[in-house]
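First residue of the sequence shown? That's 1 in the UniProt record's numbering, and the numbers climb one at a time after it. Each residue gets a CB set at the ideal place from its N, CA and C atoms; glycine is no exception.
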Amino acid sequence: MQEIRHTPRAATSIRALDTHVGIDPHRHDDHQIAYAGSGVLSVTTDAGTWVAPTTRALWIPAGTVHEHRAYGRTDLHSVGLPTRLNPLSLDTPAVIAVGPLLRELILAYTRDPEDEGPERRRLLAVLLDQLRAAPLQPLHLPAPADPRLAAVCALLRADPADSRGLAALGAAAGAGASERTLSRLFRSELGMTFPQWRTQLRLHQALRLLAVGTPVTAVAHRCGWSSASAFIDVFRRAFGHTPGSHPGRLR
1 MQEIRHTPRA ATSIRALDTH VGIDPHRHDD HQIAYAGSGV LSVTTDAGTW
51 VAPTTRALWI PAGTVHEHRA YGRTDLHSVG LPTRLNPLSL DTPAVIAVGP
101 LLRELILAYT RDPEDEGPER RRLLAVLLDQ LRAAPLQPLH LPAPADPRLA
151 AVCALLRADP ADSRGLAALG AAAGAGASER TLSRLFRSEL GMTFPQWRTQ
201 LRLHQALRLL AVGTPVTAVA HRCGWSSASA FIDVFRRAFG HTPGSHPGRL
251 R
């Protein structure tokens, strides 16, 4: 079993991560905001995976065992917050939208973490105000606990482009459950339908591929969309811009 590192204080810092480099499972006694100034960052817990390009940030509550992974050359900006400061009033991980002002506040606050002067305290106050106003984003890919559901999800994780229906996937995975049972498990355990979960998985994979410079047409094919235009449409509705103009994309 992999050892879980306990780092009581969640440091405010900047850390450069090469693509596919991760930070092993660990936990803090503080809350943490994790933001990728470049590239794409994912955070995984027992409850699933959250992914964030440069237009999003990750909220990681105190005590949450989590691991990071970078896709594309990633500058990880971490903001540690004591438990008395919970601007989102959340005790579960989440993805939040990052507009131009919030981005600049995070970059500025992490630039000189040893400064404890009045200007920095004012900067933190504005940062917390912006976090309170930041909308949450549905970029969570929940992880199944039921072994029948886990077997199906594992097939799709291995190949997000797999276009088989739920009945065929269940049979191939040896799940021993009917399509109706698996469909019910998606809703009750993961809080979304099978098509919604598969689309979320494909979007997660698309973000990772775009971050390492994969062409849009290749991303569409490898993630299971019927055409590049279909992929672009889904991506634009999810992120507000086209994959070709994705901020975390390598140029």
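Is it right to say His241 is buried, meaning 16 or more other beta carbons lie within 10 angstroms of its own, or is it exposed?
-> exposed
Compute the beta-carbon to beta-carbon distance between Leu190 and Trp50, rounded to the nearest angstrom, for a pair I have assumed lies under 8 angstroms.
-> Their Cβ separation, rounded to whole angstroms, is 14 angstroms, which puts Leu190 and Trp50 out of contact at 8 angstroms.
Where Leu123 and Leu182 are concerned, what is the direct C-alpha to C-alpha distance, given to the nearest angstrom?
-> 49 angstroms
Can you tell me where the beta strand (DSSP E) with Asn181 in it begins and where it stops?
-> Residue identity check: residue 181 is Thr in the sequence provided, not Asn. First-last for Thr181: Glu179 to Leu190, but that is the alpha helix (DSSP H), not the beta strand (DSSP E).
Can you list, in chain order, the residues of its chain whose CB lies under 7 angstroms from that of Val21, leaving out five sequence neighbours each side?
-> Ala70
Report yes or no: do three or more beta-carbon pairs, one from the region 112-127 and one from the region 135-150, lie closer than 8 angstroms?
-> no
Could you check where the alpha helix (DSSP H) with Ser229 kicks off and where it finishes?
-> Ala228 to Phe239
Quick one: Cα of Glu116 to Cα of Thr45, how far?
-> 32 angstroms
Quick one, are the C-beta atoms of Gln137 and Leu102 less than 8 angstroms apart?
-> no
Rank Val212, Ala175, Phe235 and Pro25 by C-alpha distance to the C-alpha of Val43 and give the top, closest one.
-> Pro25
Grab the span of the beta strand (DSSP E) containing His26 for me, first residue to last.
-> Gly22 to Arg27
Evaluate the contact criterion for the region 59-76 versus the region 4-20: three or more CB pairs, one atom per stretch, below 8 angstroms.
-> yes
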